[in-house]
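Remarks on the structure that follows.
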Amino acid sequence: MKTGIRVTVYALLAMILFSCEHKELCFHHPHMVTLRVDFDWKNAPQADPEGMCVYFYPEEGESPIRFDFAGKDGGSVEIKEGRYRILCYNNDTESLLFRGMEGFDTHEGYTRDGNVFESIYGNGAHYAPPAKGSEDERVVICPDMMWGSCARNVEITELGLSYECISFADKDKVEWIESSEHVITLYPAELICTYTYEVRNVKNMEYMTQACGSLSSMAPSMLFANEELDRECVTVPFETELHLESSKMTGKFYTFGHHEENARPHKMMFYVWYSNKEKFYTTFDVTDQVHKAPDRKHVHIIIDNAGFPEPLPNEDGFDVEVDDWVEVENDIIM
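In this text, residue positions in the sequence shown follow UniProt numbering: the first is 1, and each later residue adds one.
Here you go:
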(Lines of atoms letter the chains of each structure in order from A and count residues from 1; the text may use other names and numbers.)
(Lines give C-alpha, C1' and ligand atoms only; values in the text may rest on other atoms or scores of the structure.)
Protein backbone atom coordinates (compact mmCIF):
# COMPACT_ATOMS: atom_id res chain seq x y z
CA MET A 1 0.00 0.00 0.00
CA LYS A 2 2.79 2.43 1.00
CA THR A 3 4.70 1.49 -2.12
CA GLY A 4 1.68 2.33 -4.25
CA ILE A 5 1.28 5.70 -2.54
CA ARG A 6 4.97 6.51 -3.06
CA VAL A 7 4.70 5.69 -6.77
CA THR A 8 1.64 7.90 -7.12
CA VAL A 9 3.33 10.80 -5.29
CA TYR A 10 6.47 10.46 -7.42
CA ALA A 11 4.38 10.44 -10.57
CA LEU A 12 2.51 13.58 -9.50
CA LEU A 13 5.77 15.35 -8.63
CA ALA A 14 7.25 14.43 -12.00
CA MET A 15 4.20 15.79 -13.79
CA ILE A 16 4.37 19.06 -11.83
CA LEU A 17 8.10 19.48 -12.50
CA PHE A 18 7.68 18.73 -16.20
CA SER A 19 4.78 21.14 -16.41
CA CYS A 20 6.80 23.93 -14.75
CA GLU A 21 9.75 23.36 -17.03
CA HIS A 22 7.52 23.41 -20.11
CA LYS A 23 5.92 26.70 -19.05
CA GLU A 24 9.32 28.28 -18.47
CA LEU A 25 10.49 27.33 -21.97
CA CYS A 26 7.26 28.66 -23.48
CA PHE A 27 7.67 31.90 -21.53
CA HIS A 28 11.01 32.62 -23.22
CA HIS A 29 9.84 31.65 -26.71
CA PRO A 30 8.58 34.56 -28.89
CA HIS A 31 4.82 34.49 -29.24
CA MET A 32 2.93 35.13 -32.47
CA VAL A 33 0.52 38.05 -32.57
CA THR A 34 -2.08 39.17 -35.07
CA LEU A 35 -1.01 42.60 -36.29
CA ARG A 36 -3.19 44.92 -38.31
CA VAL A 37 -1.29 46.98 -40.93
CA ASP A 38 -3.10 50.15 -42.00
CA PHE A 39 -2.09 52.67 -44.67
CA ASP A 40 -3.00 56.32 -44.17
CA TRP A 41 -2.84 58.13 -47.53
CA LYS A 42 -3.03 61.72 -46.28
CA ASN A 43 0.42 62.44 -47.78
CA ALA A 44 -0.59 61.05 -51.19
CA PRO A 45 -4.38 61.38 -51.51
CA GLN A 46 -4.32 60.78 -55.28
CA ALA A 47 -2.40 57.50 -55.00
CA ASP A 48 -4.03 54.52 -56.67
CA PRO A 49 -1.79 51.44 -56.24
CA GLU A 50 -3.14 48.01 -57.08
CA GLY A 51 -1.36 46.58 -54.06
CA MET A 52 1.21 47.18 -51.33
CA CYS A 53 4.05 45.17 -49.83
CA VAL A 54 5.54 45.50 -46.34
CA TYR A 55 8.96 44.27 -45.22
CA PHE A 56 9.60 43.57 -41.52
CA TYR A 57 13.33 43.58 -40.72
CA PRO A 58 14.05 41.93 -37.33
CA GLU A 59 16.53 43.92 -35.23
CA GLU A 60 18.20 40.64 -34.27
CA GLY A 61 19.42 40.29 -37.86
CA GLU A 62 17.16 37.51 -39.07
CA SER A 63 15.89 37.42 -42.65
CA PRO A 64 13.21 39.99 -43.52
CA ILE A 65 9.57 38.96 -43.66
CA ARG A 66 7.44 40.21 -46.55
CA PHE A 67 3.67 40.58 -46.62
CA ASP A 68 1.59 41.63 -49.64
CA PHE A 69 -1.83 43.26 -49.64
CA ALA A 70 -4.27 43.76 -52.49
CA GLY A 71 -5.46 47.33 -52.87
CA LYS A 72 -4.37 50.23 -50.67
CA ASP A 73 -6.06 49.54 -47.33
CA GLY A 74 -3.74 46.97 -45.72
CA GLY A 75 -4.75 43.92 -43.70
CA SER A 76 -3.83 41.56 -40.86
CA VAL A 77 -0.65 39.47 -40.56
CA GLU A 78 0.74 36.94 -38.12
CA ILE A 79 4.17 37.91 -36.81
CA LYS A 80 6.43 37.17 -33.83
CA GLU A 81 6.77 39.58 -30.97
CA GLY A 82 10.03 41.47 -31.18
CA ARG A 83 11.82 44.55 -32.48
CA TYR A 84 11.71 45.49 -36.16
CA ARG A 85 12.31 48.11 -38.79
CA ILE A 86 9.69 48.34 -41.54
CA LEU A 87 9.59 49.39 -45.21
CA CYS A 88 6.52 49.56 -47.41
CA TYR A 89 5.84 50.48 -51.03
CA ASN A 90 3.42 49.62 -53.84
CA ASN A 91 3.98 46.22 -55.44
CA ASP A 92 2.40 46.92 -58.84
CA THR A 93 5.41 48.43 -60.64
CA GLU A 94 6.67 47.06 -63.96
CA SER A 95 9.89 48.93 -64.74
CA LEU A 96 11.35 48.86 -61.21
CA LEU A 97 14.06 46.38 -60.26
CA PHE A 98 15.21 45.76 -56.69
CA ARG A 99 18.44 44.81 -54.96
CA GLY A 100 19.87 44.72 -51.45
CA MET A 101 16.51 43.51 -50.19
CA GLU A 102 18.14 41.48 -47.43
CA GLY A 103 18.86 44.67 -45.44
CA PHE A 104 16.73 47.62 -44.34
CA ASP A 105 19.48 50.12 -45.19
CA THR A 106 20.43 48.48 -48.51
CA HIS A 107 16.94 47.90 -49.99
CA GLU A 108 17.14 49.81 -53.27
CA GLY A 109 15.06 50.42 -56.39
CA TYR A 110 16.60 50.95 -59.83
CA THR A 111 15.79 50.49 -63.53
CA ARG A 112 17.42 48.63 -66.40
CA ASP A 113 19.57 50.06 -69.16
CA GLY A 114 17.57 51.33 -72.11
CA ASN A 115 17.76 53.34 -75.30
CA VAL A 116 16.84 56.95 -76.02
CA PHE A 117 14.64 55.82 -78.91
CA GLU A 118 12.86 53.09 -76.95
CA SER A 119 9.51 54.89 -77.22
CA ILE A 120 9.92 54.91 -81.02
CA TYR A 121 11.66 51.65 -81.90
CA GLY A 122 11.32 49.57 -78.74
CA ASN A 123 14.26 48.19 -76.77
CA GLY A 124 16.62 47.88 -79.71
CA ALA A 125 20.12 49.16 -80.42
CA HIS A 126 19.67 52.51 -82.18
CA TYR A 127 22.25 55.28 -82.05
CA ALA A 128 21.15 58.57 -80.53
CA PRO A 129 23.54 61.53 -80.39
CA PRO A 130 24.20 62.23 -76.68
CA ALA A 131 24.25 65.63 -75.05
CA LYS A 132 27.67 67.24 -75.00
CA GLY A 133 29.36 66.44 -71.69
CA SER A 134 27.20 63.39 -71.01
CA GLU A 135 28.72 60.99 -73.54
CA ASP A 136 29.80 58.64 -70.74
CA GLU A 137 26.36 58.41 -69.11
CA ARG A 138 24.34 55.21 -69.22
CA VAL A 139 20.82 55.46 -70.59
CA VAL A 140 18.32 53.92 -68.16
CA ILE A 141 14.55 53.75 -68.50
CA CYS A 142 12.25 55.79 -66.29
CA PRO A 143 10.77 54.20 -63.15
CA ASP A 144 7.07 53.78 -62.44
CA MET A 145 5.44 55.94 -59.79
CA MET A 146 6.06 54.60 -56.30
CA TRP A 147 4.58 55.43 -52.92
CA GLY A 148 6.19 54.25 -49.71
CA SER A 149 7.28 54.94 -46.15
CA CYS A 150 9.15 53.35 -43.28
CA ALA A 151 8.96 52.86 -39.51
CA ARG A 152 11.84 52.44 -37.08
CA ASN A 153 12.25 51.23 -33.50
CA VAL A 154 9.16 49.06 -33.86
CA GLU A 155 8.54 46.91 -30.79
CA ILE A 156 5.70 44.40 -30.81
CA THR A 157 4.78 42.81 -27.47
CA GLU A 158 1.91 40.86 -26.01
CA LEU A 159 0.57 44.13 -24.55
CA GLY A 160 0.69 46.24 -27.72
CA LEU A 161 3.31 48.04 -29.78
CA SER A 162 5.36 51.20 -30.13
CA TYR A 163 7.15 52.66 -33.14
CA GLU A 164 8.67 55.72 -34.74
CA CYS A 165 7.42 56.93 -38.10
CA ILE A 166 7.08 59.94 -40.36
CA SER A 167 3.39 60.72 -40.58
CA PHE A 168 3.74 64.14 -42.18
CA ALA A 169 4.58 65.37 -45.66
CA ASP A 170 7.46 67.19 -43.93
CA LYS A 171 9.98 64.37 -43.70
CA ASP A 172 11.92 66.10 -40.92
CA LYS A 173 9.04 65.51 -38.51
CA VAL A 174 9.18 62.15 -36.75
CA GLU A 175 6.33 60.89 -34.58
CA TRP A 176 6.58 58.40 -31.70
CA ILE A 177 3.49 56.22 -31.38
CA GLU A 178 2.49 53.84 -28.57
CA SER A 179 -0.63 51.71 -28.60
CA SER A 180 -2.22 48.98 -26.52
CA GLU A 181 -3.69 47.59 -29.74
CA HIS A 182 -1.81 45.54 -32.31
CA VAL A 183 -2.34 48.08 -35.10
CA ILE A 184 0.46 49.86 -36.96
CA THR A 185 -0.29 52.75 -39.31
CA LEU A 186 2.10 53.62 -42.15
CA TYR A 187 1.96 56.87 -44.12
CA PRO A 188 3.04 56.34 -47.76
CA ALA A 189 4.15 59.38 -49.75
CA GLU A 190 5.49 59.84 -53.27
CA LEU A 191 8.98 58.39 -53.69
CA ILE A 192 9.37 59.17 -57.39
CA CYS A 193 9.59 62.61 -59.03
CA THR A 194 7.17 63.71 -61.76
CA TYR A 195 8.68 65.85 -64.52
CA THR A 196 6.49 67.63 -67.07
CA TYR A 197 7.59 69.90 -69.89
CA GLU A 198 6.31 72.05 -72.71
CA VAL A 199 8.25 73.38 -75.69
CA ARG A 200 6.42 76.38 -77.12
CA ASN A 201 6.57 77.99 -80.56
CA VAL A 202 8.16 75.04 -82.33
CA LYS A 203 8.99 76.10 -85.87
CA ASN A 204 8.26 73.87 -88.88
CA MET A 205 6.39 71.35 -86.78
CA GLU A 206 4.07 70.59 -89.70
CA TYR A 207 6.88 68.53 -91.27
CA MET A 208 7.39 66.36 -88.18
CA THR A 209 5.95 62.86 -87.87
CA GLN A 210 7.30 61.81 -84.47
CA ALA A 211 9.62 62.94 -81.69
CA CYS A 212 11.13 61.89 -78.38
CA GLY A 213 13.61 63.27 -75.87
CA SER A 214 16.07 62.69 -73.04
CA LEU A 215 17.35 64.42 -69.91
CA SER A 216 20.92 64.03 -68.69
CA SER A 217 22.61 63.90 -65.28
CA MET A 218 19.79 62.21 -63.37
CA ALA A 219 20.06 59.59 -60.61
CA PRO A 220 19.75 55.86 -61.47
CA SER A 221 18.43 54.50 -58.17
CA MET A 222 17.09 55.18 -54.67
CA LEU A 223 17.50 53.63 -51.21
CA PHE A 224 14.03 53.35 -49.69
CA ALA A 225 15.05 53.69 -46.03
CA ASN A 226 16.16 57.32 -46.42
CA GLU A 227 15.36 58.15 -50.07
CA GLU A 228 19.07 58.63 -50.76
CA LEU A 229 19.91 58.82 -54.47
CA ASP A 230 22.88 57.20 -56.14
CA ARG A 231 25.50 59.72 -57.27
CA GLU A 232 26.02 58.22 -60.71
CA CYS A 233 24.74 60.44 -63.52
CA VAL A 234 22.54 58.77 -66.12
CA THR A 235 20.40 59.89 -69.04
CA VAL A 236 16.68 59.10 -68.99
CA PRO A 237 14.58 58.90 -72.19
CA PHE A 238 11.01 60.11 -72.46
CA GLU A 239 8.12 60.29 -74.93
CA THR A 240 7.10 63.49 -76.70
CA GLU A 241 3.66 64.49 -77.95
CA LEU A 242 3.37 66.78 -80.98
CA HIS A 243 0.58 69.38 -80.97
CA LEU A 244 0.48 70.74 -84.51
CA GLU A 245 -2.44 73.07 -83.85
CA SER A 246 -0.54 74.97 -81.14
CA SER A 247 3.06 74.37 -82.31
CA LYS A 248 3.91 72.72 -78.99
CA MET A 249 5.75 69.64 -77.81
CA THR A 250 4.74 68.31 -74.39
CA GLY A 251 5.38 65.32 -72.20
CA LYS A 252 5.55 63.78 -68.76
CA PHE A 253 7.91 61.24 -67.25
CA TYR A 254 8.97 59.81 -63.90
CA THR A 255 12.48 59.88 -62.48
CA PHE A 256 14.27 59.23 -59.20
CA GLY A 257 15.42 62.85 -59.41
CA HIS A 258 18.91 64.34 -59.34
CA HIS A 259 21.56 64.10 -56.64
CA GLU A 260 22.05 67.60 -55.27
CA GLU A 261 25.82 67.15 -54.96
CA ASN A 262 26.27 66.39 -58.66
CA ALA A 263 27.56 69.46 -60.49
CA ARG A 264 26.86 68.27 -64.02
CA PRO A 265 24.36 70.36 -66.02
CA HIS A 266 21.03 68.90 -67.07
CA LYS A 267 20.72 68.83 -70.86
CA MET A 268 17.29 68.25 -72.36
CA MET A 269 17.45 66.88 -75.88
CA PHE A 270 14.73 66.50 -78.49
CA TYR A 271 14.91 64.24 -81.53
CA VAL A 272 12.47 64.76 -84.41
CA TRP A 273 11.70 62.84 -87.59
CA TYR A 274 10.42 64.57 -90.73
CA SER A 275 8.05 63.04 -93.24
CA ASN A 276 10.84 63.08 -95.85
CA LYS A 277 13.01 60.97 -93.47
CA GLU A 278 15.25 63.84 -92.35
CA LYS A 279 16.27 63.66 -88.68
CA PHE A 280 17.18 66.56 -86.41
CA TYR A 281 18.10 66.99 -82.77
CA THR A 282 18.52 69.99 -80.52
CA THR A 283 19.72 70.57 -76.95
CA PHE A 284 18.58 72.88 -74.15
CA ASP A 285 20.32 73.49 -70.83
CA VAL A 286 17.55 73.25 -68.21
CA THR A 287 19.80 73.05 -65.14
CA ASP A 288 18.36 76.14 -63.45
CA GLN A 289 14.78 74.98 -63.90
CA VAL A 290 15.58 71.57 -62.42
CA HIS A 291 17.61 72.87 -59.48
CA LYS A 292 15.38 75.83 -58.64
CA ALA A 293 12.03 74.09 -58.93
CA PRO A 294 9.81 74.99 -55.93
CA ASP A 295 8.94 71.33 -55.44
CA ARG A 296 11.70 68.87 -56.31
CA LYS A 297 9.13 66.08 -56.59
CA HIS A 298 7.12 67.97 -59.22
CA VAL A 299 9.25 69.79 -61.79
CA HIS A 300 7.77 71.63 -64.77
CA ILE A 301 10.17 72.70 -67.52
CA ILE A 302 9.26 75.41 -70.05
CA ILE A 303 11.19 76.05 -73.26
CA ASP A 304 10.20 78.77 -75.72
CA ASN A 305 11.10 79.11 -79.40
CA ALA A 306 12.52 75.83 -80.66
CA GLY A 307 13.59 76.31 -84.25
CA PHE A 308 13.88 73.47 -86.74
CA PRO A 309 14.81 73.94 -90.43
CA GLU A 310 12.72 73.74 -93.56
CA PRO A 311 12.93 70.29 -95.15
CA LEU A 312 15.17 69.67 -98.12
CA PRO A 313 13.43 70.00 -101.48
CA ASN A 314 11.88 66.78 -102.73
CA GLU A 315 12.74 66.70 -106.42
CA ASP A 316 10.93 64.44 -108.90
CA GLY A 317 8.87 62.89 -106.08
CA PHE A 318 11.75 60.84 -104.66
CA ASP A 319 12.51 60.63 -100.94
CA VAL A 320 15.56 62.47 -99.70
CA GLU A 321 18.44 60.13 -98.85
CA VAL A 322 19.24 60.89 -95.21
CA ASP A 323 21.13 58.63 -92.82
CA ASP A 324 22.72 60.93 -90.23
CA TRP A 325 21.32 63.10 -87.49
CA VAL A 326 21.66 66.84 -88.02
CA GLU A 327 22.16 69.10 -85.00
CA VAL A 328 20.12 72.28 -84.69
CA GLU A 329 21.39 75.07 -82.44
CA ASN A 330 18.82 76.70 -80.14
CA ASP A 331 19.11 79.12 -77.24
CA ILE A 332 16.76 78.48 -74.33
CA ILE A 333 14.17 81.18 -73.68
CA MET A 334 11.91 80.74 -70.64
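Every residue, glycine too, gets a C-beta built ideally from N, C-alpha and C. Keep in mind that this is a model prediction, so the values were computed, not measured.
ask   = Quick one: what's Trp-176 bridged to in DSSP?
value = Paired residue(s): Glu-164.
request  = Can you give me the Cβ contacts of Met-101 inside the same chain, cut-off strictly under 6 Å, excluding the 5 residues immediately before and after it?
outcome  = Same-chain partners within the cutoff: His-107.
ask   = Is the number of C-beta pairs between the region 191-210 and the region 248-264 that are closer than 8 Å three or more?
value = Yes, the region 191-210 is in contact with the region 248-264.
query = With distances taken between CB atoms, is the gap from Met-269 to Thr-283 smaller than 8 Å?
reply = Cβ atoms of Met-269 and Thr-283: closer than 8 Å.
ask   = In three-state terms, what does DSSP make of His-107?
value = Coil at His-107, not helix or strand.
request  = Can you grab the Cα-Cα spacing for the pair Tyr-89 / Ile-302, in whole Å?
outcome  = Across the structure, Tyr-89 and Ile-302 are spaced so that their CA atoms are roughly 32 Å apart.
task = For my contact list, Thr-111 and Pro-143 are in at a C-beta cut-off of 8 Å; report their separation, rounded to the angstrom.
result = Contact between Thr-111 and Pro-143 holds: their C-beta atoms lie close to 5 Å from each other, under 8 Å.
key: Residues that DSSP places opposite Tyr-55 in a beta bridge   = Per DSSP, Arg-66 and Leu-87.
key: Rounded C-alpha distance that separates Gly-148 from Gly-122   = When only Cα atoms are considered, Gly-148 and Gly-122 end up about 30 Å apart.
message = Measuring CB atoms only, is the region 69-76 touching the region 215-224, in the sense that at least three cross pairs come out at less than 8 Å?
response = Cβ pair count under 8 Å is below three, so no.
inquiry  = My parser needs the beta strand (DSSP E) runs of 3 or more residues fully inside the region 174-241; what are they?
reply    = Those beta strand (DSSP E) runs which fall completely within the region 174-241 and span 3+ residues are 175-179, 183-186, 193-202, 208-218, 221-223 and 234-239.
ask   = Do the region 266-280 and the region 199-217 touch if we need at least three Cβ pairs shorter than 8 Å?
value = Cβ pair count under 8 Å is three or more, so yes.
request  = Write down every uninterrupted run of the alpha helix (DSSP H) in the region 268-316 whose length is 4 residues or greater and which is fully enclosed by it, in chain order.
outcome  = Counting only runs of 4 or more, we get 287-291.
ask   = Do you know how far the Cα of Ile-141 is from the Cα of Gly-114?
value = Taking the straight line joining both Cα atoms gives about 5 Å.
task = Provide the residue span of the alpha helix (DSSP H) that contains Ile-79, from first to last.
result = Boundaries around Ile-79 are those of the beta strand (DSSP E), 74-80, since no alpha helix (DSSP H) includes it.
query = On the three-state DSSP scale, how would you describe Asp-155?
reply = The sequence given here places Glu at residue 155; Asp does not occur at that position. It is a strand residue.
task = Over the uninterrupted beta strand (DSSP E) stretch that includes Glu-50, give me the two end residues.
result = Glu-50 -> no beta strand (DSSP E), and no H or E assigned at all.
request  = Could you please give the first and the last residue of the uninterrupted alpha helix (DSSP H) stretch that includes Glu-118?
outcome  = Segment 118-121, the alpha helix (DSSP H) holding Glu-118.
query = Which stretch, first to last residue, makes up the beta strand (DSSP E) that contains Tyr-254?
reply = Unbroken beta strand (DSSP E) run through Tyr-254: 248-255.
task = Would you mind reading off the limits of the beta strand (DSSP E) that contains Arg-99?
result = For Arg-99, the enclosing beta strand (DSSP E) begins and ends at 97-99.
query = For Arg-112, which of helix, strand or coil comes out of DSSP?
reply = In the structure shown, the three-state DSSP call for Arg-112 is coil.
request  = State the Cα-Cα distance for the pair Pro-188 and Tyr-274, rounded to the nearest angstrom.
outcome  = So the two alpha carbons sit approximately 44 Å from each other.
request  = Please name the residue or residues paired with Trp-147 in a DSSP beta bridge.
outcome  = For Trp-147, DSSP records a beta bridge to Glu-190.
query = Can the beta-carbon of Arg-85 be found closer than 8 Å to that of Val-37?
reply = Contact check for Arg-85 against Val-37 fails: the beta carbons are separated by 8 Å or more.
request  = Look up Asp-38 in the DSSP assignment and give the residues it is bridged to.
outcome  = The secondary-structure analysis by DSSP pairs Asp-38 across a beta bridge with Gly-74 and Thr-185.
task = Measure the alpha-carbon distance for Arg-66 versus Val-54 and round it to whole angstroms.
result = Straight-line spacing of the CA atoms in Arg-66 and Val-54 works out to 6 Å.
C-alpha gap between Glu-228 and Phe-98, whole angstroms = So the alpha carbons of these two residues sit roughly 15 Å apart.
ask   = With respect to the beta strand (DSSP E) encompassing Glu-327, which residues constitute its N-terminal and C-terminal limits?
value = Note, Glu-327: beta strand (DSSP E), 326-328.
Arg-138, DSSP secondary structure in three states = In the structure shown, the three-state DSSP call for Arg-138 is strand.
inquiry  = Among Gly-257, Ile-79 and Pro-313, whose alpha-carbon lies nearest the alpha-carbon of Gly-183?
reply    = Reading off the sequence shown, one finds Val at residue 183, where the question assumed Gly. Distances from the CA of Val-183 to each of Gly-257, Ile-79 and Pro-313 were compared; the closest alpha carbon is that of Ile-79.
query = With distances taken from CA atoms, which of Thr-34, Asp-68, Phe-104 and Leu-312 is nearest Lys-279?
reply = Among Thr-34, Asp-68, Phe-104 and Leu-312, the Cα nearest to that of Lys-279 belongs to Leu-312.
query = Taking Cβ to Cβ, would you say Gly-160 is nearer than 8 Å to Glu-137?
reply = Result no, Cβ atoms of Gly-160 and Glu-137 do not sit closer than 8 Å.
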